[in-house]
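Here is the structure we will look at, set down as structure tokens.
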Amino acid sequence: MDKFEAYLTVIDPLQVAAVGMVGVLAILFIPKRFLMPIVLMVLPAWQELGRMPDLFPLSALAKATGVISYGVLILAAFFDKSPKRSVSGLVWVYPAMALIGAAYVLNTEDRMLALVVQFQWFLLTLAAIMVVRTITDEASLLRVVKSLMIGVCLALLLPLSAVLLRPGDVKYGRFFPWGSNPNQIGVLFLIGMPFGLFLALRARNLITRGYFVFSSAVAGVMGVLCASRSIVYPGVMLAGILAIPMMKKASVIAVAGILGLFAAGWLASVTEKTDFERLQSLETGRVETAEEYVREVISQRPIFGLMFSEGEMSRQAEEVGHHAHNAYLDQLYRYGLSLTAPFLIMAGISMLGAAIAWFHRRKLVNDTLFMTLLAAMMWVVYAHGFVNGSILYPTYTWAFLHVMLSVFFITLLFDRFSGRPGLVPGNAVSGIGASAPAPQHWDYSEYADYGAEAAAEEPVEQSA
Numbered sequence: 000m001d002k003f004e005a006y007l008t009v010i011d012p013l014q015v016a017a018v019g020m021v022g023v024l025a026i027l028f029i030p031k032r033f034l035m036p037i038v039l040m041v042l043p044a045w046q047e048l049g050r051m052p053d054l055f056p057l058s059a060l061a062k063a064t065g066v067i068s069y070g071v072l073i074l075a076a077f078f079d080k081s082p083k084r085s086v087s088g089l090v091w092v093y094p095a096m097a098l099i100g101a102a103y104v105l106n107t108e109d110r111m112l113a114l115v116v117q118f119q120w121f122l123l124t125l126a127a128i129m130v131v132r133t134i135t136d137e138a139s140l141l142r143v144v145k146s147l148m149i150g151v152c153l154a155l156l157l158p159l160s161a162v163l164l165r166p167g168d169v170k171y172g173r174f175f176p177w178g179s180n181p182n183q184i185g186v187l188f189l190i191g192m193p194f195g196l197f198l199a200l201r202a203r204n205l206i207t208r209g210y211f212v213f214s215s216a217v218a219g220v221m222g223v224l225c226a227s228r229s230i231v232y233p234g235v236m237l238a239g240i241l242a243i244p245m246m247k248k249a250s251v252i253a254v255a256g257i258l259g260l261f262a263a264g265w266l267a268s269v270t271e272k273t274d275f276e277r278l279q280s281l282e283t284g285r286v287e288t289a290e291e292y293v294r295e296v297i298s299q300r301p302i303f304g305l306m307f308s309e310g311e312m313s314r315q316a317e318e319v320g321h322h323a324h325n326a327y328l329d330q331l332y333r334y335g336l337s338l339t340a341p342f343l344i345m346a347g348i349s350m351l352g353a354a355i356a357w358f359h360r361r362k363l364v365n366d367t368l369f370m371t372l373l374a375a376m377m378w379v380v381y382a383h384g385f386v387n388g389s390i391l392y393p394t395y396t397w398a399f400l401h402v403m404l405s406v407f408f409i410t411l412l413f414d415r416f417s418g419r420p421g422l423v424p425g426n427a428v429s430g431i432g433a434s435a436p437a438p439q440h441w442d443y444s445e446y447a448d449y450g451a452e453a454a455a456e457e458p459v460e461q462s463a
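This is the structure:
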């Protein structure tokens, strides 16, 4: 019995139908201007719930209804009341690759599960494209990112509850919140650490600021408890981008200091079994795993991966006996160079787009720190792929963030090549608030095609 059949034996179809009905009711009755932000807030917690087997059967239901969540997000973005932009035609390579990829797993032992994952990945790519279509200016960009990050902050309450209720869930010196694998749930902490601090810097009041600092602290502490170097190191690096701006916010420093002392005492009381020495060493078995995958598996079928193979599993090579822990090796194992090469090209263009967007950030947004953080995250996503395969699995918020940022930066890149401005800069009224940098004055007439028709009617001269 494969995993797909196992789900069918424990999940009542009526429960799945009930979740689908909730999605339909949300689309019908929630005001369209609020629907997409609400779905983005719910998505991370629902996905992380599906990664916690000790919360069964709710976790099984969450994982089984992942397809529904992306379907609702696609419709929510489609019906969103905000202006829509065009995206680069190149980004449609993502859903095309998802559909083509289904042909590669038809002969696998876990075919049904593999096809469901492919279909969910297809919906993820469509959802990311539809969401990016709603990003026409700085305010709408923040609206999307802030909604998703609020969802991440809510999702962090799940592993936090595990620490409070079951602090003894430590195996091999690592914390397994509600039975979830530290390497898998860890990417949630990697998102929460830097973006929690950023939203704290841009919060309107002390209560909101404290909440986001608390969320960032929880993400950092959970990363340490899980003893995941692939989470702690890049998380600290991304958070370090915000170090200098934090120095200018006394309230952020005060709240962070208080929470830091509390977290240190808390760690000392509940983590006697945690292997903190693991974080001090760079020794890893991933290099040997990569060599084994290349030598034993990928070299045997380098072009078409699993397409013409029989009796293989879609998620890991039986010859090796465990996952590759590498997104690029996962791609090569499953699809070979025929589908991995286009993915690598898209990754390269995405990183180039992020670098150019950062270089021209003052022409795109007023809050340049925001663009810096997004561009850095794009690069970290692909670097992290060398030690973790979650950027390619649709059950991760990390994967959705990956494709959404990729679509966003590719679109900005081709807008620049075609002479289009890309974004309407301005003070983001949807949440940056009084803490944002002072807005510049722009001539909005050239942005009329980006949803700024009202502003374009009364253009103002751009200041020197």
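In terms of numbering that gives the first Met the number 0, the sequence shown has 52 at position 53, counting the first letter as 1, and numbering is strictly consecutive.
Backbone N, C-alpha and C fix where the C-beta goes; we use that ideal spot for every residue, glycine too.
In this text the structure is predicted, and so the values were computed from the model without any measurement.
Its Cα nearest to that of Ile297, the residue Gly335 stands out among Arg165, Gly335, Val21 and Ala202. Trp357 places its beta carbon 7 Å or farther from that of Ala382. Within the same chain, Cβ atoms closer than 7 Å to the Cβ of Arg300 are found at Ser308 and Gly335, the five residues on either side in sequence being excluded.
Distance from the CA of His321 to the CA of Leu205, rounded to the nearest whole angstrom, comes to 47 Å. Per DSSP, reduced to three states, the secondary structure at Asp366 is coil, with no helix or strand assignment.
In this chain, the alpha helix (DSSP H) harbouring Ala126 covers Arg110 to Arg132.
Phe28 sits exposed, since fewer than 16 C-beta atoms from the chains shown fall within 10 Å of its C-beta. A direct Cα-to-Cα measurement between Val231 and Leu105 gives close to 38 Å.
Residue state for Val286 is assigned as helix, using DSSP reduced to three classes. In the DSSP assignment, Phe197 falls within the alpha helix (DSSP H) that extends over Pro181 to Leu200. Counting the other CB atoms within 10 Å of its CB gives Glu108 a total below 16, which places it among the exposed residues.
For Ser214 against Gly191, the beta-carbon gap comes to about 6 Å, under 8 Å, which counts as contact. A residue is called buried once 16 or more other Cβ atoms fall within 10 Å of its Cβ, and Thr367, having fewer, is exposed.
Contact between Met221 and Pro166 is absent: CB atoms are separated by about 12 Å, not below the 8 Å threshold. The closest CA to that of Asp136, considering only Gly384, Trp397, Thr124 and Met370, is found on Met370. Bounds of the alpha helix (DSSP H) holding Gly22 are Pro12 to Phe28. Selection Glu47, Leu72, Ala102 and Thr410 evaluated against Val23 yields Leu72 as nearest (Cα-Cα).
Assigned with DSSP and collapsed to three states, Arg294 falls in helix. One thing to note: Val130 has its Cβ no nearer than 7 Å to the Cβ of Ala97. Counting every other CB atom within 10 Å of its CB across the protein chains shown gives Asp53 a total below 16, marking it as exposed.
Contact annotation: the region 340-356 touches the region 403-417, with at least three C-beta pairs closer than 8 Å. DSSP places Glu137 in the uninterrupted alpha helix (DSSP H) bounded by Glu137 to Ala154. Lys80 carries a coil assignment under DSSP once its states are collapsed to helix, strand and coil.
When rounded, the separation of the alpha-carbon atoms in Phe175 and Asp414 is 44 Å.
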